[in-house]
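*Asks:* Residues 3 to 337 in this note's numbering are what the sequence shown lists, from first letter to last. Here a beta-carbon is modelled for each residue, glycine too, at the ideal position from N, C-alpha and C. Questions regarding the structure given below will be posed in turn.
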Amino acid sequence: MKILVTGGAGFIGANFVHTLLDEHEDVDVTVLDKFTYAGNRGSLTDVPEDQVSRLTIVEGDVADRDLVDDLVGETDAIVHFAAESHNDNSLNDPFPFVQTNLVGTCTLLEAARRHATRFHHISTDEVYGDLELDDPAKFTPETPYNPSSPYSSSKAGSDLMVRAWVRSFGVEATISNCSNNYGPYQHIEKFIPRMITNRLRGVRPRLYGDGLNVRDWIHVRDHNTAVWEILMNGRIGETYLIGADGETNNREVVAVLNELMGYPADDFDHVTDRPGHDLRYAIDNTKLREELGWEPHFTDFRSGLADTIEWYTNHEAWWAPLKEQVEAKYAAEGH
Ligand code: NAD
Ligand code: TDX
Numbered sequence: 003m004k005i006l007v008t009g010g011a012g013f014i015g016a017n018f019v020h021t022l023l024d025e026h027e028d029v030d031v032t033v034l035d036k037f038t039y040a041g042n043r044g045s046l047t048d049v050p051e052d053q054v055s056r057l058t059i060v061e062g063d064v065a066d067r068d069l070v071d072d073l074v075g076e077t078d079a080i081v082h083f084a085a086e087s088h089n090d091n092s093l094n095d096p097f098p099f100v101q102t103n104l105v106g107t108c109t110l111l112e113a114a115r116r117h118a119t120r121f122h123h124i125s126t127d128e129v130y131g132d133l134e135l136d137d138p139a140k141f142t143p144e145t146p147y148n149p150s151s152p153y154s155s156s157k158a159g160s161d162l163m164v165r166a167w168v169r170s171f172g173v174e175a176t177i178s179n180c181s182n183n184y185g186p187y188q189h190i191e192k193f194i195p196r197m198i199t200n201r202l203r204g205v206r207p208r209l210y211g212d213g214l215n216v217r218d219w220i221h222v223r224d225h226n227t228a229v230w231e232i233l234m235n236g237r238i239g240e241t242y243l244i245g246a247d248g249e250t251n252n253r254e255v256v257a258v259l260n261e262l263m264g265y266p267a268d269d270f271d272h273v274t275d276r277p278g279h280d281l282r283y284a285i286d287n288t289k290l291r292e293e294l295g296w297e298p299h300f301t302d303f304r305s306g307l308a309d310t311i312e313w314y315t316n317h318e319a320w321w322a323p324l325k326e327q328v329e330a331k332y333a334a335e336g337h
């Protein structure tokens, strides 16, 4: 089986590529990645020698119609991770988000339609907006879309296009909306790796606003086992929510990181809040569990964070070249 993985040099995509090569010997992988600031060649250069022949890396844009058409013509299935993915960036300049997340997804859908290729679309729980902190409700596949940021609205638009291409053109597509991922290869602009690498550089963690915002953390490998299950056994046209019951507020995350790294739990600074900052995300994963039998394996958040700290500690060469620029950008934003 040949699988085209868009955004395979990014955080979740690179983890997916490693899992495919490690655990699915009958799968050949082609990565299509633009290598934006978020794409990292070092996330794929560590593929073991005996797997290299099963991996092809193409540098290109998901919005490049000719290139996408050629690649999709040679593939059995597309798993579409490529996106502009950072909320803070989308508040500064939304245009790349419209171009990649909407025009890019449209380009892939058109190619999937022409070649009758199976398509799985990776999306986010942020399309549903946010929940109150004291609300017992969680997001379900029936929750109405209500995105807050340019990022989440562009992802919401891409999801709606996938649904329309299924209905109007019979494209064989599925969608998954996942909660916040953590684990190896995540760009250090994101919360958990930023806090870990700050600590490694002797800088106190920086919490936006009061730090009480809740995210439903899931290990990236649990996200990817769910994606594989949906690709293989999901029903065409369906949306599956992926989450591992990991609701934790940002202060609690920093407290655990601090303890694991040898600092007092409350050793952090408050900085300017994110405009429109979503309060809480929470996933009801019943459909995924009951229909596809999926279960998460990384259910101990503390030990998952300990492994993640170890990974960043041992892979300084992977992130160090990015640190200064990321922090200069945050400093300019008051974060
Ligand atoms: P990331 O920013 O780490 O990686 C994105 C990758 O896409 C990079 O390698 C980048 O170079 C590539 N890319 C960007 N624009 C491109 C283009 N025009 N053409 C080709 N490649 C392009 O993102 P991530 O965190 O790995 O997220 C992957 C997907 O998962 C996204 O669709 C995101 O919306 C979704 N998602 C992420 C999370 C999370 O917690 N990170 C949670 C739920 C869903
Ligand atoms: O320095 C920080 N301090 C801080 O308090 C940063 C970078 C973030 N935060 C807060 C903001 C959020 O409440 O931490 C939380 C997580 O922030 P991000 O890592 O930026 O993630 P989030 O905005 O929740 O979105 C992520 O999960 C859903 C991904 O970036 C998205 O791609 C995905 O769709």
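#1: Using beta-carbon positions only, say whether Val-64 and Thr-8 come within less than 8 Å of one another.
#2: Distance, Cα to Cα, Pro-146 vs Asp-127?
#3: Taking only three categories from DSSP, how would you classify Asp-161?
#4: Taking 8 Å as the cut-off, does the stretch 75-90 touch the stretch 50-62 (at least 3 CB pairs, one atom from each stretch)?
#5: Please state whether the Cβ-Cβ distance between Asp-280 and Asp-132 is less than 8 Å.
#6: Restricting to runs no shorter than 4 residues, where is the alpha helix (DSSP H) found entirely within the stretch 150-237?
#7: Of the residues Ala-158, Ile-198, Gly-15 and Ser-178, which one's Cα is nearest the Cα of Ala-322?
#8: Looking at C-alpha atoms only, which residue of Trp-230, Trp-320 and His-299 is the closest neighbour of Leu-22?
#9: Could you pull out every unbroken beta strand (DSSP E) segment of at least 3 residues lying fully inside the stretch 60-96, listed in chain order?
#10: For Asn-251 and Val-222, what's the separation of their Cα atoms in angstroms?
#11: Suppose contacts are defined by Cβ-Cβ distances below 8 Å. Is Arg-208 in contact with His-122 by that definition?
#12: In terms of alpha-carbon separation, which member of Thr-119, Met-163, Ser-150 and Ala-139 lies closest to Leu-104?
#13: With 16 as the cutoff for other CB atoms within 10 Å, does Leu-34 come out buried or exposed?
#14: Roughly how many whole angstroms lie between the Cα atoms of Pro-186 and Thr-310?
#15: Considering only residues of the same chain and omitting the five flanking positions on each side of Asp-271, which have a CB-CB separation below 6 Å?
#16: Just to confirm the assignment, what range does the beta strand (DSSP E) spanning Ser-125 have?
#17: Does the beta carbon of Arg-217 fall short of 7 Å from some heavy atom of ligand 2?
#18: Between which two residues does the beta strand (DSSP E) holding Asn-251 run?
#19: In the DSSP output, which residue or residues are listed as bridge partners for Thr-35?
#20: For Ser-181, which residues in the same chain have their Cβ closer than 6 Å to its Cβ, ignoring the five residues on either side in sequence?
#21: Is the distance from the Cβ of Thr-102 to the Cβ of Thr-32 below 8 Å?
#22: Please indicate yes or no: does the CB of Asp-126 lie closer than 7 Å to some heavy atom of ligand 1?
#23: Taking only three categories from DSSP, how would you classify Val-100?
#24: Cα-Cα, which of Pro-195, Ile-238, Arg-116 and Arg-253 is closest to Gly-211?
#25: Given a cut-off of 8 Å, decide if Asn-91 and Val-129 are closer than it, judged by their beta-carbon atoms.
#26: Ligand 1 and Gly-12: does any heavy atom of the ligand fall closer than 7 Å to the residue's C-beta?
#27: Is the separation between the beta-carbon of Val-256 and that of Leu-135 shorter than 8 Å?
#28: Heavy atom of ligand 2 less than 7 Å from the Cβ of Asn-252, yes or no?
#29: Let me check you understand the geometry: is the CB of Tyr-210 closer than 7 Å to at least one non-hydrogen atom of ligand 2?
#30: Nearer than 7 Å: is that true of the beta carbon of Phe-37 relative to any heavy atom of ligand 1?
*Replies:* Based on what the coordinates show:
#1: yes
#2: 11 Å
#3: helix
#4: no
#5: yes
#6: 152-171, 193-202 and 222-235
#7: Ile-198
#8: Trp-230
#9: 79-82
#10: 18 Å
#11: no
#12: Met-163
#13: buried
#14: 6 Å
#15: Arg-206 and Arg-208
#16: 120-126
#17: yes
#18: 249-251
#19: This sequence places Asp at residue 35; Thr is not what is there. Note: Asp-35 sits in a beta bridge opposite Glu-61.
#20: Asp-127, Asp-218, Ile-220, Gly-245, Tyr-283 and Ile-285
#21: no
#22: A quick correction: the sequence has Thr, not Asp, at residue 126. Yes, since a heavy atom of ligand 1 falls inside the 7 Å radius drawn around the Cβ of Thr-126.
#23: helix
#24: Arg-253
#25: no
#26: yes
#27: no
#28: yes
#29: yes
#30: yes
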